[in-house]
Amino acid sequence: MAKSYYEILGVSKSASDDEIKSAYRKLAKQYHPDLHPGDKAAADKFKEVSEAYEVLGDPQKRAAYDRPSAGGSGGAGDFGGGGGSFFDDFVNMFNGQAKEQGGASSGGDISMNVTLTFEEAAFGVAKDISVNRFEPCAACRGTGAKGGTQYAKCNNCGGTGKVRFAQETPFGRVVSMKACNVCGGTGRIIKESCPTCGGRGLLRKNTTLRITFPAGIEPNQIMTVPGEGERSRNGTKSGNLVLMINVMPHKFFKRKGLDLAVEVPCTFTQALLGDKIMVPTLKGAKVAFPLPEGTQSGTTFKLKGHGIENAKKGVTGDLLVTIDIELPRNLTKDQKNKIKELHESLKVDQYDKSREFFKK
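Just add 194 to wherever you are in the sequence shown, counting from 1, and you've got this note's numbering.
See the structure below:
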């Protein structure tokens, strides 16, 4: 029995959207074709995982998938791209519809790694991506025939590209349609092959695509661009472009979801007495922040609304500012004497951590 989409992603039927997304990202990264070149099993697993997430990652598709079908429960046959179930064939027979199986093959998916800068991932960007893929041959207009017209009607299927086949079932004889094995579902037999593409109807070439990456896209996220994968002969369905997102680190900022974290140095006198310090933001502007008197090193303050914006969800993260107190170097004799006087004037109970430590 085929695995359910929940089993493929390794989650329960009650899993939250975030749990499903997390499971998908983990598996997609594990089986990504770029990490397993030439490994058909990994490529098939990656495709299986992507198909499962395409359904479970969409609330409406997931709800439809979870609804009981005629067989008593939801199932992948309602959503998958395979040949369908016996029940589908049976219903189609009484509806007077012939279910096409196979047909001219669609284009395959293309997997690529794309590297974005920290700012591009945070704010979103439109970039030109070069994709090496099959494109229909211009010389034969994708037919594979010289001049685009040198072909004859297939005698096996009468030019329809489909042939009938009968299937005996407990309900009787069911007649369905499948792609003609002589012409490959095209309905035509090439008389003379196109010299440019050798009769394939396709040529591999580099194509530049303008891809928009949304603001807030995360490292290792898988982004699918429908219909921008391999082209197929005679203009049948194209594959998808599957992009794995890499994000370059930033010199100062680190990302925690939609929040940004940054360490800001300040002098020990600013921490002791309190001061207004300037905190950098990812957009380039600086924000004045009133540092409280007696701030300890490692203390983190939250600046609301200065993180990464997710326009789709209508939320913006925060800026988490961690204070790093810096001690001065190369003190003069006079400075040392003044600090010594200050030290001698301070009492032990003015140091919270030291007092608690020695008390224990």
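Even for Gly, the Cβ is constructed at its ideal location relative to N, Cα and C.
In chain order, which alpha helix (DSSP H) runs of at least 4 residues are fully inside the region 322–387? none
Between alanine 465 and leucine 485, which are expected to be in contact by the criterion C-beta below 8 Å, what is the C-beta distance as a whole number of angstroms? Residue numbering aside, residue 465 sits at position 271 when the sequence shown is read from its first letter. Residue numbering aside, residue 485 sits at position 291 when the sequence shown is read from its first letter. Right, their Cβ atoms sit about 7 Å apart.
DSSP three-state assignment for glutamine 464, whether helix, strand or coil: Within the sequence shown, residue 464 is the residue found at index 270, counting from 1. Helix at glutamine 464.
From which residue to which residue does the alpha helix (DSSP H) around serine 539 run? Position 345 of the sequence shown, counted from the first residue, corresponds to residue 539. Taken as a continuous stretch (DSSP letters only), the alpha helix (DSSP H) holding serine 539 covers 527–539.
In this structure, does DSSP put glutamate 412 in helix, strand or coil? For the purposes of this step, residue 412 is taken as residue 218 along the sequence shown, with counting starting at 1. Here glutamate 412 sits in coil by DSSP.
Hey, could you find the ends of the beta strand (DSSP E) valine 483 is sitting in? Numbered from its first residue, the sequence shown carries residue 483 at position 289. Sequence check: residue 483 is phenylalanine here, not valine. 480–485 is the extent of the beta strand (DSSP E) around phenylalanine 483.
What is the residue span of the alpha helix (DSSP H) that proline 253 lies within? Sequence index remark: in the sequence shown, residue 253 carries index 59 (1-based). First-last of the alpha helix (DSSP H) with proline 253: 253–260.
Roughly how many angstroms separate the alpha carbons of phenylalanine 281 and valine 368, rounded to a whole number? Reading the sequence shown from its first residue, position 87 is the one you call residue 281. Reading the sequence shown from its first residue, position 174 is the one you call residue 368. Residue placement at phenylalanine 281 cannot be trusted, given a pLDDT of 38 that sits under 50; the coordinates are not used to answer.
Please classify glutamine 415 as buried or exposed, where buried requires at least 16 neighbouring CB atoms within 10 angstroms. By one-based count along the sequence shown, residue 415 stands at place 221. When all chains shown are included, glutamine 415 counts as buried.
From Lys547, Thr494 and Met438, residue whose alpha carbon lies closest to that of threonine 309: In the sequence shown, residue 309 corresponds to position 115, counting from 1. Comparing Cα-Cα distances from threonine 309 to each of Lys547, Thr494 and Met438, the minimum goes to Met438.
Rounded straight-line distance, which links the Cα of glycine 342 to that of valine 352: Locating residue 352 in the sequence shown gives position 158, counting from the first residue. Locating residue 342 in the sequence shown gives position 148, counting from the first residue. Per the sequence presented here, residue 352 reads as glycine, with valine not at that position. Each residue's Cα considered, the two are about 20 Å apart.
Helix, strand or coil: which one does DSSP assign to lysine 239? As a working mapping, residue 239 is identified with position 45 in the sequence shown. In the structure shown, lysine 239 sits in a helix (DSSP, three-state: H, G or I).
Quick one: Cα of asparagine 531 to Cα of lysine 470, how far? Position 337 of the sequence shown holds residue 531. Position 276 of the sequence shown holds residue 470. Rounded to whole angstroms, asparagine 531 to lysine 470 spans 27 Å at the Cα level.
Counting pairs of beta carbons, one from the region 511–531 and one from the region 493–503, are three or more of them closer than 8 Å? Yes: the two stretches touch, three or more of their Cβ pairs being nearer than 8 Å.
Cβ-Cβ separation, tyrosine 345 to isoleucine 383 (assumed contact under 8 Å), whole Å: Numbered from 1 along the sequence shown, position 189 holds the residue referred to as residue 383. Numbered from 1 along the sequence shown, position 151 holds the residue referred to as residue 345. Yes, isoleucine 383 and tyrosine 345 are in contact; Cβ-Cβ is about 6 Å, under 8 Å.
Measure the C-alpha to C-alpha separation of glutamate 538 and leucine 467 and round it to an integer number of angstroms. In the sequence shown, residue 538 corresponds to position 344, counting from 1. In the sequence shown, residue 467 corresponds to position 273, counting from 1. Cα to Cα, the separation comes out at about 18 Å.
Residue burial classification, isoleucine 502 (beta-carbon count within 10 angstroms, cutoff 16): Along the sequence shown, read from residue 1 onward, the residue named residue 502 stands at position 308. It is buried - the Cβ of isoleucine 502 has at least 16 other Cβ atoms within 10 Å.
Which partner residues does lysine 470 have in the DSSP bridge list? Residue mapping note: residue 470 aligns to position 276 of the sequence shown, counting from 1. Its beta-bridge partners are Pro484.
Can you tell me whether isoleucine 502 is helix, strand or coil according to DSSP? Against the sequence shown, residue 502 aligns to sequence position 308. Isoleucine 502: coil per DSSP, three-state reduction.
Please confirm if the region 388–408 is in contact with the region 318–331, defined as three or more CB-CB distances below 8 Å between the two stretches. yes
Per DSSP, what are the beta-bridge partners of lysine 450 in this structure? Within the sequence shown, numbered from 1, the residue matching residue 450 stands at position 256. Its beta-bridge partners are Asp453.
Nearer than 7 Å: is that true of the beta carbon of glutamate 245 relative to any heavy atom of the ligand ATP? The model on display carries no ligand, and the ligand ATP is accordingly not part of it.
Can you give me the start and stop residues for the alpha helix (DSSP H) that leucine 203 sits inside? Counting from one through the sequence shown, the residue named residue 203 turns up at place 9. Taken as a continuous stretch (DSSP letters only), the alpha helix (DSSP H) holding leucine 203 covers 199–203.
On a Cα-Cα basis, can you pick out the residue from Thr418, Lys445 and His444 that is closest to glycine 433? Residue numbering aside, residue 433 sits at position 239 when the sequence shown is read from its first letter. Of Thr418, Lys445 and His444, the residue nearest in Cα terms is Thr418.
Which class does serine 244 belong to by DSSP, given the choice of helix, strand or coil? On the sequence shown, position 50 is the one that residue 244 refers to. Residue state, collapsed to three classes: helix.
N-terminal and C-terminal residue of the alpha helix (DSSP H) that lysine 445 is part of: Here the question's residue 445 lines up with position 251 in the sequence shown. Counting along the chain, lysine 445 falls outside any alpha helix (DSSP H), and DSSP gives it neither H nor E.
Classify valine 542 as buried or exposed, calling it buried when 16 or more other Cβ atoms lie within 10 Å of its own Cβ. The count along the sequence shown starts at 1 and reaches residue 542 at position 348. Classification of valine 542: exposed, given that the 10 Å Cβ count is below 16.
Exposure label - glutamate 386; buried when at least 16 CB within 10 Å: As a working note, residue 386 is residue 192 in the sequence shown. Glutamate 386 is exposed by the Cβ-count criterion.
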